[in-house]
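The structure appears below as structure tokens.
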Amino acid sequence: MYKGNILEKIIETIALPLVLYIIFAVISMVTANNFLTPEMTAYILKITCTTAVISMAISLHLVNGGFDFSAGAIIYLGAIVGGNIAVSNGYSVWTMFGLIILCTFLLGVINGLAYMTLRLPPIVISLAMVMIYEAITQIVFKGGGIKIVTKPQYAVLVKSPTVYIIFIATALVFWFIMKYTTFGFRARALATGQKIAVAMGVKEKKNVLIRYMIFGALLGVAATMYLSNVLTVSAARNLSSTMVMFDGIMPVVVGLTLAAYSNMPIGLFMAVLSMKIINVGFISMGTDGTISTIMSGLFLLAFVTITENHGKIKQYMLHKRRYKELEAIFQKKEDKIIMER
Numbered sequence: 004m005y006k007g008n009i010l011e012k013i014i015e016t017i018a019l020p021l022v023l024y025i026i027f028a029v030i031s032m033v034t035a036n037n038f039l040t041p042e043m044t045a046y047i048l049k050i051t052c053t054t055a056v057i058s059m060a061i062s063l064h065l066v067n068g069g070f071d072f073s074a075g076a077i078i079y080l081g082a083i084v085g086g087n088i089a090v091s092n093g094y095s096v097w098t099m100f101g102l103i104i105l106c107t108f109l110l111g112v113i114n115g116l117a118y119m120t121l122r123l124p125p126i127v128i129s130l131a132m133v134m135i136y137e138a139i140t141q142i143v144f145k146g147g148g149i150k151i152v153t154k155p156q157y158a159v160l161v162k163s164p165t166v167y168i169i170f171i172a173t174a175l176v177f178w179f180i181m182k183y184t185t186f187g188f189r190a191r192a193l194a195t196g197q198k199i200a201v202a203m204g205v206k207e208k209k210n211v212l213i214r215y216m217i218f219g220a221l222l223g224v225a226a227t228m229y230l231s232n233v234l235t236v237s238a239a240r241n242l243s244s245t246m247v248m249f250d251g252i253m254p255v256v257v258g259l260t261l262a263a264y265s266n267m268p269i270g271l272f273m274a275v276l277s278m279k280i281i282n283v284g285f286i287s288m289g290t291d292g293t294i295s296t297i298m299s300g301l302f303l304l305a306f307v308t309i310t311e312n313h314g315k316i317k318q319y320m321l322h323k324r325r326y327k328e329l330e331a332i333f334q335k336k337e338d339k340i341i342m343e344r
């Protein structure tokens, strides 16, 4: 954990998205694009909330040295099944919310049981589950997916302030679980050293199952917010659902670093916000989505390179400064000798 006063922690936490926002704000003022409009700012915050919840779910596996490709497929299948049940029966938006979470929770449990039963690498199991879940989306409800374009009452979850309330509540629960519960303590122990933690009495299988339960529940929140935002979720095929997963995984690398200055939910939110500012910023400049994706990738590469080599860079700068100081001292001595002659 980063040691410093509260003001330093706040500055370190918000510095990255703030600097990026200022850069694109200046470009917006010069080029007169729509990046600085209130509507665009609200849009960035809304999509950040959804992706940040996905990142929280993915981070559960990453901090334990695992990975799950099926996050996007679970979101698709949960939204399609839970959403269609709610819409076809005229249930309220909050009932739809609960149904989607129930669906994704069960899918998360299935993933966990498959991992514990088969004892194969998580990446292998998750790839298999992606193909299975995507195939199911093509079968259920005749492969029609879910559409709520004509059902505005189901899209209120991404409107202000509901979307922010949902995200804050989810982030608080996630933070509490990771920091103050037995599961959180065991998860940190397993992440530090799995063999040592098991030898100390930590029940790995129980912790894994709970992890997949939380993973599924978080994806249910994300699935509902995602459906409310895009209004249409089509049946997935050819690993198309992994795009949603990759959108959530990229900021996790940055978020885990920023979490050292605050906590995991805040760090992940700031990381996602930074990535969304880059994406929307370049699109506002008139570039296509490909350029935006490339720049996001370059940003991620640069960030990881700098953070991983921070010590070496700091040492290099220190040596360079000392070299200049010594050079100045020798130069003064040389000048003094010349004057004495």
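Here the sequence shown is numbered in our numbering, starting from 4 and rising by one per residue. For glycine and all other residues, C-beta sits at the position ideal for the given N, C-alpha and C.
Item to check | Neighbour-count burial assignment, S91, 16 or more Cβ in a 10 Å radius | outcome: Your numbering for residue 91 matches position 88 in the sequence shown. Exposure of S91 is indicated by the presence of fewer than 16 other C-beta atoms within 10 angstroms of its C-beta.
Checklist entry - Out of N67, I57, I47, which has the shortest C-alpha to C-alpha gap to R189? => result In the sequence shown, the residue the question calls residue 189 occupies position 186. Shortest Cα-Cα distance from R189 to any of N67, I57, I47 involves N67.
Checklist entry - By DSSP, does I83 sit in helix, in strand, or in coil? => result Start at 1 with the first residue of the sequence shown, and residue 83 comes out as number 80. Of the three classes helix, strand and coil, the one that applies to I83 here is helix, per DSSP.
Checklist entry - In the structure shown, what three-state DSSP assignment does K150 receive? => result Taking the sequence shown and counting its residues from 1, the one referred to as residue 150 is at position 147. Reduced to three states, the DSSP call for K150 is strand.
Next on the checklist: I need the DSSP call for T40, collapsed to helix, strand or coil.
Outcome noted: Locating residue 40 in the sequence shown gives position 37, where the first residue counts as 1. Here T40 carries a coil assignment [DSSP, helix/strand/coil].
Next on the checklist: Using CA atoms only, rank isn't needed, just tell me which of G258, A238, V233, F179 is closest to K49.
Outcome noted: Position 46 of the sequence shown, counting from 1, holds the residue named residue 49. Out of G258, A238, V233, F179, V233 has the C-alpha closest to the C-alpha of K49.
Item to check | Cβ separation of S58 and G223, assumed to be a contact under 8 Å, to the nearest whole Å | outcome: As a working mapping, residue 58 is identified with position 55 in the sequence shown. As a working mapping, residue 223 is identified with position 220 in the sequence shown. Rounded to the nearest angstrom, the Cβ distance from S58 to G223 is 15 Å, too far for a contact under 8 Å.
Next on the checklist: At the level of alpha carbons, what is the spacing between A131 and K182?
Outcome noted: Counting from 1 along the sequence shown, the entry for residue 131 is found at position 128. Counting from 1 along the sequence shown, the entry for residue 182 is found at position 179. In this structure, the CA atom of A131 is about 32 Å from the CA atom of K182.
Next on the checklist: Can you look up T227 in the DSSP assignment and give me helix, strand or coil?
Outcome noted: Position 224 of the sequence shown, counting from 1, holds the residue named residue 227. DSSP places T227 in the helix class (H, G or I) of the three-state scheme.
Next on the checklist: Going by DSSP in three states, V127 sits in which element: helix, strand or coil?
Outcome noted: By 1-based counting over the sequence shown, the position of residue 127 is 124. V127: helix per DSSP, three-state reduction.
Next on the checklist: With distance defined between alpha-carbon atoms, name the residue in V127, I294, P41, I149 nearest to S163.
Outcome noted: Taking the sequence shown and counting its residues from 1, the one referred to as residue 163 is at position 160. Ranking V127, I294, P41, I149 by Cα distance to S163 puts P41 first.
Checklist entry - Buried or exposed: where does P125 fall if 16 or more other Cβ atoms within 10 Å of its Cβ makes it buried? => result In the sequence shown, the residue the question calls residue 125 occupies position 122. P125 is buried by the Cβ-count criterion.
Next on the checklist: In this structure, how does DSSP classify V201 when only helix, strand and coil are distinguished?
Outcome noted: The sequence position of residue 201 within the sequence shown is 198, counting from 1. Confidence in V201 is poor, its pLDDT being 48 and thus under 50, which makes the residue's placement unreliable; the coordinate value appears in the next sentence. Look at V201 here: in three-state DSSP terms it is helix.
Next on the checklist: What does DSSP give as the partner residue(s) for T296 in the beta ladder?
Outcome noted: As a working mapping, residue 296 is identified with position 293 in the sequence shown. The beta-bridge partner set that DSSP reports for T296 is empty.
Checklist entry - In terms of residue numbering, what span does the alpha helix (DSSP H) encompassing I169 cover? => result As a working mapping, residue 169 is identified with position 166 in the sequence shown. Unbroken alpha helix (DSSP H) run through I169: 165-183.
Next on the checklist: Just to confirm my understanding: we take I294, look at its own chain, exclude 5 residues before and 5 after, and list those with CB closer than 8 Å. What are they?
Outcome noted: By one-based count along the sequence shown, residue 294 stands at place 291. F285.
Item to check | Selected residue, minimal CA-CA separation from T98, among G147, G85, T107, M248 | outcome: What you label residue 98 is simply residue 95 of the sequence shown in a count that begins at 1. Per the C-alpha coordinates, the member of G147, G85, T107, M248 positioned closest to T98 is G85.
Checklist entry - By Cβ distance, which residues of its chain are closer than 6 Å to T140, with the 5 residues on each side in sequence left out? => result The residue given as residue 140 occupies position 137 in the sequence shown. Spatial neighbours of T140 in its own chain (CB-CB distance under 6 Å, excluding positions within 5 residues in sequence) are listed in chain order as Y79, L80, I83, A238, A239.
Next on the checklist: I'd like the list of long-range same chain contacts for T235, defined as Cβ closer than 8 Å, with 5 residues on each side in sequence excluded.
Outcome noted: Here residue 235 is taken as the residue at index 232 of the sequence shown, counted from 1. The answer, listed in chain order, is G148, I149, K150, I151, V152.
Checklist entry - With C-beta atoms as the reference, is S277 less than 8 Å away from L23? => result Translated into positions along the sequence shown, residue 277 becomes position 274. Translated into positions along the sequence shown, residue 23 becomes position 20. A contact, by the Cβ cut-off of 8 Å.
Checklist entry - Out of curiosity, what's the CA-to-CA distance linking Y157 and I88? => result The residue labelled residue 157 in the question sits at position 154 within the sequence shown. The residue labelled residue 88 in the question sits at position 85 within the sequence shown. Approximately 13 Å between the Cα atoms of the pair.
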